[in-house]
Amino acid sequence: MRRRFNTVVGRFIRGKGTPRRAGRWVTPAALAVLLMSFFWAHTLADSHGPKQSVLRVLAWPGYADEDWVRAFEKRFHAKVEVTFVDSDEALWARMHSAEPQPFDVLAANTAEIERYAQAGLLTALDLSRIPNRRWQQPYFQRVAEIRGLVSAGRTYAIPFTYSSMGLIYDRKQIAEPPHSMRALWDPRYRGKVLDFNSAQHNFSFTALALGYPDPFHLTPEQLRTVTRELVRLRRNLLTYYTLPEDATEQFVQHHVALMFGNYGTQQVEQLRHAGVDVGYVIPDEGALAWLDCWAITRNATNPALAYHWIDTMLEPDVGKQLTQREGLANTMTPLSGVASGDRAGAGPRLVWIQGVESTDEREVLWRRIKAGDPLERFAP
Numbered sequence: 001m002r003r004r005f006n007t008v009v010g011r012f013i014r015g016k017g018t019p020r021r022a023g024r025w026v027t028p029a030a031l032a033v034l035l036m037s038f039f040w041a042h043t044l045a046d047s048h049g050p051k052q053s054v055l056r057v058l059a060w061p062g063y064a065d066e067d068w069v070r071a072f073e074k075r076f077h078a079k080v081e082v083t084f085v086d087s088d089e090a091l092w093a094r095m096h097s098a099e100p101q102p103f104d105v106l107a108a109n110t111a112e113i114e115r116y117a118q119a120g121l122l123t124a125l126d127l128s129r130i131p132n133r134r135w136q137q138p139y140f141q142r143v144a145e146i147r148g149l150v151s152a153g154r155t156y157a158i159p160f161t162y163s164s165m166g167l168i169y170d171r172k173q174i175a176e177p178p179h180s181m182r183a184l185w186d187p188r189y190r191g192k193v194l195d196f197n198s199a200q201h202n203f204s205f206t207a208l209a210l211g212y213p214d215p216f217h218l219t220p221e222q223l224r225t226v227t228r229e230l231v232r233l234r235r236n237l238l239t240y241y242t243l244p245e246d247a248t249e250q251f252v253q254h255h256v257a258l259m260f261g262n263y264g265t266q267q268v269e270q271l272r273h274a275g276v277d278v279g280y281v282i283p284d285e286g287a288l289a290w291l292d293c294w295a296i297t298r299n300a301t302n303p304a305l306a307y308h309w310i311d312t313m314l315e316p317d318v319g320k321q322l323t324q325r326e327g328l329a330n331t332m333t334p335l336s337g338v339a340s341g342d343r344a345g346a347g348p349r350l351v352w353i354q355g356v357e358s359t360d361e362r363e364v365l366w367r368r369i370k371a372g373d374p375l376e377r378f379a380p
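Counted from 1, the sequence shown has number 357 at position 357 by full-length UniProt numbering; the numbering is strictly sequential.
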């Protein structure tokens, strides 16, 4: 506006655009009134003019690729601001920042969705505003059958992508595929194991490896046993990782033999692109599996745009690209024995992650484990 304002002022002063003789009749007071009228007219026009809508997305890497964002912005005449996270803990922290909730739509697994809904951080969804659900496999359309998505008859999230958390191993170092998560503790792999930096998943997969019937709701005695096992696991660890890119770099650079694959097939795809001959297995005791979903926050400033985002993410082309680029399953394409959570008994046994007995207690213990507290400091 400053450029246009200066141009018009110059015209009045120089008399451009009007006969020169008329300029001599403009008094200073009249000029001032005229200029102020022009200024306020354009200020009001700008303040009431169209503003670009902004959608703020909180998601994991690979869930909001640049070309998807650009296409969405062009289609809906909006601006998309994406914030990526590298752990469930980081996601929770972002949603609990001191500033007013800055996000409209987020991606989280079913256990986290249940936690967020109970905390009043999400808004119930109007499923009629997400017509692309029709492309999803029947199991994913039946949201009431998926724990964590529906409460009191109200749906809080829509499935988007999923993966198992199996074992990834270097075929050159491990000839026979490992059959159990207990392979992570095998002394042959000392200093050659990678683990994901997450209290919730580590306690749960260790409980599963120990044969506990419910790895998400541990008794105090079971929790103590799992804690001591995770302390013992440190002997074999090279380090903990967060993002799949971190794991790939560490795997290649340090010739890692075995890894707990939190991102599952996504990591397998990345490692193979990096030239590593890796195998992927679901252990005999089963594997944790995550199902990430889109949800709209309670304080979303643009819920209409948030609905458009979720609906766009369920387009078949986006699903295909997600699988091709990230190696992740999409909810539109059927995978035998996986889409149903192996309920029919075919294919690998997957255990969808759930909320746990005490998130805070697991977090406290995990910080101590990572800090290097010796085994004798943990009660047997």
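We put the beta carbon where it would ideally sit given N, CA and C, even for glycine.
Check                                                                                                             : Outcome
8 Å Cβ cutoff, L243 in contact with chain E                                                                       : Checking the listed chains, one finds no chain E in this structure; it contains a single protein chain.
Bridge partner(s) assigned by DSSP for M259                                                                       : I168 and L194
Bridge partner(s) assigned by DSSP for W366                                                                       : BP columns for W366 are empty, so no partner.
Runs of alpha helix (DSSP H) lying entirely within the region 283-328, each at least 4 residues, in chain order   : 303-313 and 316-326
Alpha carbon of P187 to alpha carbon of V252, nearest angstrom                                                    : 21 Å
Segment contact flag, the region 203-216 with the region 292-301, C-beta cutoff 8 Å, min 3 pairs                  : no
Identity of the residues DSSP links to W352 by a beta bridge                                                      : A289
With 16 other Cβ atoms within 10 Å as the buried cut-off, status of D360                                          : exposed
Closest Cα partner of M313 within the set E285, W68, W60 and A199                                                 : W68
CB of G327 within 8 Å of CB of E269, strictly                                                                     : yes
H308 burial status per 10 Å Cβ neighbour count (16 or more: buried)                                               : buried
First and last residue of the uninterrupted alpha helix (DSSP H) at T225                                          : P220 to L233
Among V150, W60 and V143, nearest to S87 - alpha-carbon criterion                                                 : W60
Of the residues K79, M181, A78 and I113, the one placed nearest M95, counting alpha carbons only                  : I113
The region 186-203 in contact with the region 269-286 per 3-pair CB rule at 8 Å                                   : no
Within 8 Å, strictly: CB atoms of A287 and M165                                                                   : yes
Span of the alpha helix (DSSP H), counted from its first residue to its last, around R94                          : D88 to M95
Straight-line Cα distance separating G261 from V318                                                               : 24 Å
Nonlocal neighbours in the same chain, by C-beta distance under 7 Å from G264, ignoring five residues either side : S163, S164, M165 and G166
Supposed contact pair S128 and N302 - C-beta distance, whole angstroms, cut 8 Å                                   : So it is not a contact: roughly 19 Å between Cβ atoms.
R56: first and last residue of the uninterrupted alpha helix (DSSP H) it sits in                                  : Segment S53 to A59 is the beta strand (DSSP E) holding R56; no alpha helix (DSSP H) there.
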